[in-house]
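S.K.: Numbering (the working numbering), first residue to last: 278 to 539. Built from N, CA and C at the ideal position, the CB exists for glycine as well. All of these numbers come straight from a predicted model, not from anything done at the bench. Before anything else, here's the structure in question.
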Amino acid sequence: MQISFKGKKVVVTGASRGIGRSIALAFAAEGADVAICARGAPGLEAAEVELKRHGGTTFAMPCDLAEASAPASFVAGAVSALDGIDILVNNASGIGMRDDESGWRASIDVDLMATVRTTQAAIPFMEKAGGGVIINISSISGFRAVPRTLPYAAIKAALVNYTMGQGLALAPKRIRVNGIAPGSIEFPGGVWDNRKASDPQLYQRTLDSIPWGRFGTPEEIAKVALFLASEMGSWITGQTIAVDGGQLLASKTGPSATLPAS
Ligand code: NAP
Numbered sequence: 278m279q280i281s282f283k284g285k286k287v288v289v290t291g292a293s294r295g296i297g298r299s300i301a302l303a304f305a306a307e308g309a310d311v312a313i314c315a316r317g318a319p320g321l322e323a324a325e326v327e328l329k330r331h332g333g334t335t336f337a338m339p340c341d342l343a344e345a346s347a348p349a350s351f352v353a354g355a356v357s358a359l360d361g362i363d364i365l366v367n368n369a370s371g372i373g374m375r376d377d378e379s380g381w382r383a384s385i386d387v388d389l390m391a392t393v394r395t396t397q398a399a400i401p402f403m404e405k406a407g408g409g410v411i412i413n414i415s416s417i418s419g420f421r422a423v424p425r426t427l428p429y430a431a432i433k434a435a436l437v438n439y440t441m442g443q444g445l446a447l448a449p450k451r452i453r454v455n456g457i458a459p460g461s462i463e464f465p466g467g468v469w470d471n472r473k474a475s476d477p478q479l480y481q482r483t484l485d486s487i488p489w490g491r492f493g494t495p496e497e498i499a500k501v502a503l504f505l506a507s508e509m510g511s512w513i514t515g516q517t518i519a520v521d522g523g524q525l526l527a528s529k530t531g532p533s534a535t536l537p538a539s
């Protein structure tokens, strides 16, 4: 079976760089019309130029999804530009690392509430189209205790549960809802690329914790998004899939699990 998204209308939040950009580009490369958003206009414009090379319709809207009205405005703009919506990818994150008011606010407002609001705005259009697919980008942090990033991990865990509940709630409307939980993903200008310089010990510890001995790439997350959104994933709903080269398994078993037997 071949994966093609020709004529499909895809909306990706937080897609000016990193994982969101790769997901948007992967859908565009398979023929989809794609709408993207981010706060920074220059990065967004550059990403839209790349999308346009694939020949489909594109829409890019600078917005801050932490603002309560922004998710619905973005979906409305995307629907008007693309003439509908078949697939929604909730990717943007507030990256709320610190256990303080601003860390929790960022995680709740962007990772959780923007996902809820964008989903609510998209559902009527998917219903009109006879069905759809929603993909929520969580993290393997949502599957384990992470004292270093309490708000981020707790809210990514909330997304796992939200994905299950919505998978069930939206089945009668023929809307599948799934999640992807990436492990540590590295790309130029991304969080792990930056940590290589700002916190080399954490970078090395994290690298050592990945059984495959390398970080993942945004393209490896995008491939799973395409699979889940395609007919190949037609019987999958309510699931959040770890895409991490075994990083989560190793962290639950202990570092010795990846050492050669002595
Ligand atoms: P990233 O490099 O920080 O990119 C995030 C994207 O979202 C950017 O385009 C950013 O553009 C946009 N964005 C951020 N806040 C926004 C807001 N309030 N409103 C609108 N757009 C916003 O992130 P990433 O590393 O690619 O991660 C993408 C997703 O994967 C996130 O949900 C993250 O939690 C998850 N994840 C990543 C990793 C990893 O190792 N990278 C691991 C596990 C899970 P602007 O800054 O211009 O707004």
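Output the boundary residues of the beta strand (DSSP E) element that contains Met-278.
M.R.: Stepping through the sequence shown from its first residue, residue 278 is reached at position 1. Segment: none, Met-278 is in no beta strand (DSSP E) and carries neither H nor E.
S.K.: Can you tell me whether Asn-471 is buried or exposed, with buried defined as 16 or more other CB within 10 angstroms of its CB?
M.R.: As a working mapping, residue 471 is identified with position 194 in the sequence shown. When all chains shown are included, Asn-471 counts as exposed.
S.K.: Does DSSP classify Pro-488 as helix, strand or coil?
M.R.: In the sequence shown, residue 488 corresponds to position 211, counting from 1. Pro-488 falls in the coil class under three-state DSSP.
S.K.: Quick check on the burial criterion: 16 or more other C-beta atoms within 10 angstroms. Buried or exposed for Pro-428?
M.R.: Reading the sequence shown from its first residue, position 151 is the one you call residue 428. Buried is the call here.
S.K.: Using a 10 Å radius around the Cβ and a threshold of 16 neighbouring Cβ atoms, would you call Gln-397 buried or exposed?
M.R.: Residue mapping note: residue 397 aligns to position 120 of the sequence shown, counting from 1. Per the 10 Å Cβ criterion, exposed.
S.K.: What number of angstroms, rounded off, separates the C-alpha of Thr-624 from the C-alpha of Glu-463?
M.R.: Examination of residue 624 is not possible in this model, given that the chain is present from 278 through 539 alone.
S.K.: Just verifying my parser: in three-state terms, what is the DSSP assignment at Asp-360?
M.R.: The count along the sequence shown starts at 1 and reaches residue 360 at position 83. It is coil, neither helix nor strand.
S.K.: Please identify the residue among Asp-476, Thr-395, Ala-309, Thr-494 whose C-alpha is closest to the C-alpha of Phe-282.
M.R.: Looking up residue 282 in the sequence shown gives position 5. Of the candidates Asp-476, Thr-395, Ala-309, Thr-494, the one whose C-alpha sits nearest the C-alpha of Phe-282 is Ala-309.
S.K.: Which full runs of the alpha helix (DSSP H) of 4+ residues lie inside the segment 413-466, going along the chain?
M.R.: With a minimum length of 4 residues, the continuous alpha helix (DSSP H) runs that stay inside the segment 413-466 are 427-446.
S.K.: In chain order, what residues of the same chain have a beta carbon less than 6 Å from the beta carbon of Ala-343, not counting five sequence neighbours either side?
M.R.: Numbered from its first residue, the sequence shown carries residue 343 at position 66. Result list for Ala-343: Asp-386, Val-387, in chain order.
S.K.: When you compare only the Cα positions, how much space is there between Pro-532 and Ala-399?
M.R.: As a working mapping, residue 532 is identified with position 255 in the sequence shown. As a working mapping, residue 399 is identified with position 122 in the sequence shown. Bear in mind that a pLDDT of 46 at Pro-532, under 50, signals an unreliable position, so the number given afterwards is only what the model happens to contain. When rounded, the distance between both Cα atoms is 42 Å.
S.K.: Between which two residues does the beta strand (DSSP E) harbouring Val-520 extend?
M.R.: Here residue 520 is taken as the residue at index 243 of the sequence shown, counted from 1. 517-520 is the span of the beta strand (DSSP E), which, as asked, contains Val-520.
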